[in-house]
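As structure tokens, the structure follows; a few thoughts come after it.
In our numbering, the protein residues as written are 6 to 293.
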């Protein structure tokens, strides 16, 4: 089936893409669309990492992105806040919309965009600064100077990240002296301090122990009331527990690493009654 799709004429491939887009709209019916990809593709030089991505991500929900390694999940995540801009060979095609406006449009300032879209990486990466300065740094970049406002927003960010009670008496301690789980929550606090609309998380708990992972999951669940959250995870139990919607990514053919979204729906439907056999095989552990 995958090879058949790959060689179809453009009109038929466009029909497949249109059907995928309609399916995602049905899946997210009644929900406000925050991010919308329309025939979105991404290249590193001649290598096409993503192709024909068609999906609508609902606002103020957790959307999990699952799939095998190497099919472009992290690439898609990073494309949303234009982290690849510094790579000279990177380029995109199609559209990637935030509130209906093309993220890659000429009028978009990437610095302003990244304030709206925060990013949390697989491994905690606190700055070599104090806990306070880890959070205050981004606020200062965006023009906050008054100490009273900095104090207040640092406190609020740490409270939202469920870290305040653990660090309120040691804000001058290095952020790198915290435990792994605390460091990751500090990075989440750093991301939300500038009041983004979206938080992107690339396997945020994969390097943590089960107790720290549980705290991160509780935190994500509490944050979705305020933020649109996309999380890449290889942990199927985590995706099932944590997300409201799930996007399944897969290579377009068995012999390529060019990825696309083959199915998108409410998480319970993806795990209980997927429409694509490849999704069913993957979530049940039969794939690979």
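Glycine is no exception: its CB is placed at the ideal position from the N, C-alpha and C atoms.
If you're wondering where the values come from, they're calculated on a predicted model, not measured in any experiment.
Three-state secondary structure (DSSP) of residue i
i: residue 78; result: helix
i: residue 224; result: helix
i: residue 125; result: strand
i: residue 138; result: helix
i: residue 113; result: coil
i: residue 105; result: coil
i: residue 245; result: helix
i: residue 213; result: coil
i: residue 55; result: strand
i: residue 133; result: coil
i: residue 186; result: helix
i: residue 289; result: coil
i: residue 167; result: coil
i: residue 148; result: coil
i: residue 265; result: strand
Per DSSP, the bridge partner or partners of residue i
i: residue 237; result: 70 and 207
i: residue 43; result: 100
i: residue 63; result: 38
i: residue 278; result: According to DSSP, residue 278 bridges with nothing at all.
i: residue 251; result: 69 and 270
i: residue 284; result: Answer by DSSP bridge pairing: none, since residue 284 is not bridged.
i: residue 196; result: Answer by DSSP bridge pairing: none, since residue 196 is not bridged.
i: residue 179; result: 135
Reference residue i, options the options, closest by Cα
i: residue 159; options: 144, 171 and 148; result: 144
i: residue 5; options: 48, 66, 240 and 250; result: With the chain represented from 6 up to 293, any question about residue 5 goes unanswered, as that position is not in the structure.
i: residue 131; options: 270, 186 and 217; result: 186
i: residue 88; options: 47, 265, 227 and 74; result: 47
i: residue 197; options: 105, 110, 168 and 248; result: 168
i: residue 37; options: 212, 138, 61 and 57; result: 61
i: residue 137; options: 238, 75 and 154; result: 154
i: residue 122; options: 39, 75 and 238; result: 39
i: residue 106; options: 41, 82 and 128; result: 41
i: residue 269; options: 283, 258 and 259; result: 283
Cα-Cα separation between residue i and residue j, rounded to whole angstroms
i: residue 114; j: residue 291; result: 44 Å
i: residue 233; j: residue 202; result: 6 Å
i: residue 289; j: residue 246; result: 15 Å
i: residue 224; j: residue 215; result: 14 Å
i: residue 55; j: residue 230; result: 30 Å
i: residue 252; j: residue 228; result: 20 Å
i: residue 278; j: residue 210; result: 27 Å
i: residue 140; j: residue 194; result: 7 Å
i: residue 142; j: residue 262; result: 38 Å
i: residue 33; j: residue 249; result: Any reading at residue 33 must be qualified, since the residue scores a pLDDT of 48, below 50, and its modelled position is unreliable; the value itself is stated next. Going from the Cα of residue 33 to the Cα of residue 249 covers about 10 Å.
i: residue 178; j: residue 134; result: 8 Å
i: residue 70; j: residue 274; result: 14 Å
i: residue 199; j: residue 222; result: 21 Å
i: residue 207; j: residue 102; result: 20 Å
i: residue 240; j: residue 81; result: 18 Å
i: residue 255; j: residue 59; result: 13 Å
i: residue 152; j: residue 161; result: 14 Å
i: residue 63; j: residue 184; result: 33 Å
Proximity test, Cβ basis, 8 Å: residue i and chain D
i: residue 218; result: In summary, chain D is missing from the structure at hand, where a single protein chain is found.
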